[in-house]
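Visitor:
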Ligand code: COI
């Protein structure tokens, strides 16, 4: 039995090795390259393939795997919107993801960024670095004084809500598929428009599926409070970047934290410190005092990495053995 893993980073190797030690009958091989039509041949001879990448799993990639007789694909992450499900179905793929590797990792990052924005740590840190140790004008706001709107109450959104409750914030939430417990607590508003109208700060926790693309756009921003704070740790395509930049310019958005960005593929996970960042909008956002950019790292904790590797490898093995793992995708 052989599992081939793509896009393996150095920080994943220890988990991969320890999984292999616990499963000595399985042959494990890996590359740091991501899975594309050009790299598909590396998986030759494998029964299952494991991947983590932002690059799409298009028909060409899936056909390439199928030509090698490989029809088991296990993602190490949660998001599945980059899979060409039509092609996967036509080719008869078994697919799995890791839906719950560490919702806390992402929720914590979102709430840390929200508090950093409110306490204006970016301009304060910049002042301190220059030995300017005065207080004013870098005055903060308290999380507990905010009405925070959480859009999306899946595993991550619910963890974010728990953290917000700890801060003492007033939480309102919206989800097309409400959670029973939160419903009983009366946290939900009925429409997104209600949430937009009431929230001082908004944290996005919905997937980047077509119906959510540009959820934050010129029209929805107009419905939000002046000076709204927005945090996006979900998917870059949820926010229309041009609309967000215009809203930052006008003051409609007072502060913005993005861990994900519309144009991030090919830009994030690369060192641009010695060359020009080839995305002027991103460079503009990074330069602003009231914008926090992180390169899709909300998930990036030791706990999450361990779970991503272990759960995906175990799913890949289950598929190879003709079994259906718990995290198999129904599609
Ligand atoms: C996900 O799990 O979907 C993430 O956003 C993490 C990233 C490494 C792709």
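In UniProt numbering, the protein residues as written are 1 to 331. Heads up, the beta-carbon is just placed ideally off N, CA and C, and yes, glycines get one too.
1. Tell me, please, which residues DSSP counts as bridged to residue 255.
2. In chain order, what residues of the same chain lie with their CB nearer than 8 Å to the CB of residue 245, ignoring the 5 residues before and after it?
3. Would you mind giving the Cβ-Cβ distance between residue 238 and residue 216, rounded to the nearest angstrom? I have them listed as a contact below 8 Å.
4. Taking all protein chains shown into account, decide if residue 41 is buried (16 or more other Cβ within 10 angstroms of its Cβ) or exposed.
5. Relative to the ligand COI, what is the chain-ordered list of residues with a Cβ closer than 5 Å to any of its non-hydrogen atoms?
6. Short check: CB of residue 148 to CB of residue 128, under 8 Å?
7. So, does the CB of residue 170 fall closer than 8 Å to a CB anywhere in chain D?
8. As a quick exercise: from 303, 196, 327, 176, pick the residue whose alpha carbon is nearest that of residue 206.
9. Just how far apart, CA to CA, sit residue 318 and residue 66?
10. Can you pull the DSSP bridge partners for residue 57?
11. Determine which residues share a DSSP beta bridge with residue 186 and list them.
12. Would you list the residues sitting across from residue 72 in a DSSP beta bridge?
13. I'd like to know whether the C-beta atoms of residue 288 and residue 248 end up nearer to each other than 8 Å.
14. Specify, as a first and last residue, the run of the alpha helix (DSSP H) that residue 409 falls within.
15. Residue 121 lies in the alpha helix (DSSP H); which residues open and close that run?
16. Could you pull out every residue in the same chain whose Cβ sits closer than 7 Å to the Cβ of residue 45, ignoring the five residues on either side in sequence?
17. Just checking my contact of residue 141 with residue 168 at CB under 8 Å: how many whole Å lie between their CB atoms?
Guide: The structure says:
1. Residue 255 is bridged to 229.
2. Here the set comprises 281, 284, 285.
3. 6 Å
4. Here residue 41 is exposed. Its C-beta has fewer than 16 other C-beta atoms within 10 Å.
5. 77, 78, 79, 299
6. no
7. Chain labels in this structure do not include chain D; a single protein chain is all it has.
8. 176
9. 18 Å
10. The partner list for residue 57 (beta bridge, DSSP) reads 83.
11. Residue 186 is not bridged to any residue.
12. 94
13. Yes, they are a contact pair.
14. Nothing can be reported for residue 409: it is not among the residues displayed for the chain, which extend from 1 to 331.
15. 121-129
16. By the criterion of a C-beta distance shorter than 7 Å, residue 45 is surrounded in its chain by 2, once the five residues flanking it on both sides are discounted.
17. The pair is not a contact, with the Cβ atoms about 13 Å apart (cut-off 8 Å).
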